[in-house]
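Numbering (the working numbering), first residue to last: 15 to 297.
Where a beta carbon is used, it is the ideal one built from N, C-alpha and C, also for glycine.
Here the structure is a predicted model, which is why all the values come from computation and not from measurement.
A short write-up of the structure that comes next.
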Amino acid sequence: MLLADYHVHTGYTVDVKENVSIEAYLRKAEKLGLVEICFVNHLEFHPVKGLVKGATIFPDQIEEFIDEVEKAKANTSLRVKIGLEVTYTQRFEKNLEAILSQHESSFDFFLGSIHYIGNYAVSPAFSTEFSEEIFAKFDEIKIYQKYFDEVIRAVESQLFDVLAHPDLIRKIAVKHYSREIDSEIYLDMIWRVLDALDEYNVGLEVNSAGYRHSIGDCYPRMEMLKAARKKGIKVVTIGSDAHALEHLGLKLEKAVEKLKLVGYEGFYVFEKHKPRLFKLGIE
């Protein structure tokens, strides 16, 4: 099966393994039989502290990242693309907009993500705040509601092409409660997200990193994929969310299986922010 991994981190943040390099990823991708890869790195403002060393690429490092990827293209037959994973925080929306608009033409792809509910970290590697505190402050349903409220604000900002790991809140919530939230409650919440994606023409990522996490599944849940298909959300991408060589391409076939099950004929790849359908079994 020919696949493209559209969520691969190369460095600049402490969550990426030290042995990672663009060249090493390319050699691994060739062995795996990938045909296209998109390198992304975190552009992230802490909701209180702003840019924090180790949690984000800094604006003055972006050209270095672009140069690294451009040089690597000469040494592979793979289609190599470049992007950013943009963590949305409402307080710093204008800062993000300024950085992205300055560099937009140099990138193929912007992923949008939510790593915080208020000041609480959904993805604990990116905060000094202790994420477990959120469970003392809010009940299970409220935590999901607040997360999806943040997601909708992010989509409405129109700063990115595709929404990454759309229900990442499950990473900490499922671990804490030892269960998934009720399916009907989940569906009631995610329809609002899908309405926003449709209105603002933002795509949806199927992210296989959940198989490395406690949930043992993709982000998002199957119910959301079915609903996205029903809603007419066309642009879907797949990504491993690799932060280490061993993560590259991991369980992407599971993501593709889920897309097939709900009726998608393929996934999308990007060039200069323009989506193109990658049909399964053809490319």
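Of the candidates 185, 81, 29 and 170, 185 places its Cα closest to the Cα of residue 221. Judged by pairs of C-beta atoms under 8 Å, the stretch 86-99 does not touch the stretch 59-67, as fewer than three such pairs exist. DSSP places residue 117 in the uninterrupted alpha helix (DSSP H) bounded by 107-117. The beta carbon of residue 113 lies closer than 8 Å to those of 57, 73 and 76 in the same chain, with the five residues before and after it left out. Exclusion of the five residues before and after residue 241 leaves 201, 204, 205 and 208 as the residues of its chain whose Cβ lies within less than 7 Å of its Cβ. Check the Cα spacing between residue 30 and each of 54, 188 and 263: the tightest is with 54. DSSP places residue 244 inside the alpha helix (DSSP H), whose first and last residues are 236-245.
Restricting attention to alpha helix (DSSP H) runs no shorter than 4 residues, the stretch 177-254 encloses them at 184-191, 197-214 and 236-245, ordered along the chain.
Note that the C-beta distance between residue 293 and residue 280 is below 8 Å.
Across the set 110, 276, 35 and 130, the C-alpha of 35 shows the shortest separation from the C-alpha of residue 260. Less than 8 Å separates the beta-carbon of residue 48 from that of residue 18. Judged by their CB atoms, residue 125 and residue 176 are nearer to each other than the 8 Å cut-off.
Separation of residue 121 and residue 229 (C-alpha to C-alpha, rounded to the nearest whole angstrom) is 32 Å. Bounds of the alpha helix (DSSP H) holding residue 149 are 147-151. By the CB criterion at 8 Å, residue 130 and residue 234 fall outside the cutoff. Taking a contact as a CB-CB distance under 8 Å, the pair residue 59 and residue 109 counts as one, their CB atoms being some 6 Å apart. Minimum Cα-Cα distance from residue 212 among the listed residues 170, 37 and 182 corresponds to 170. Residue 96 places its beta carbon 8 Å or farther from that of residue 26.
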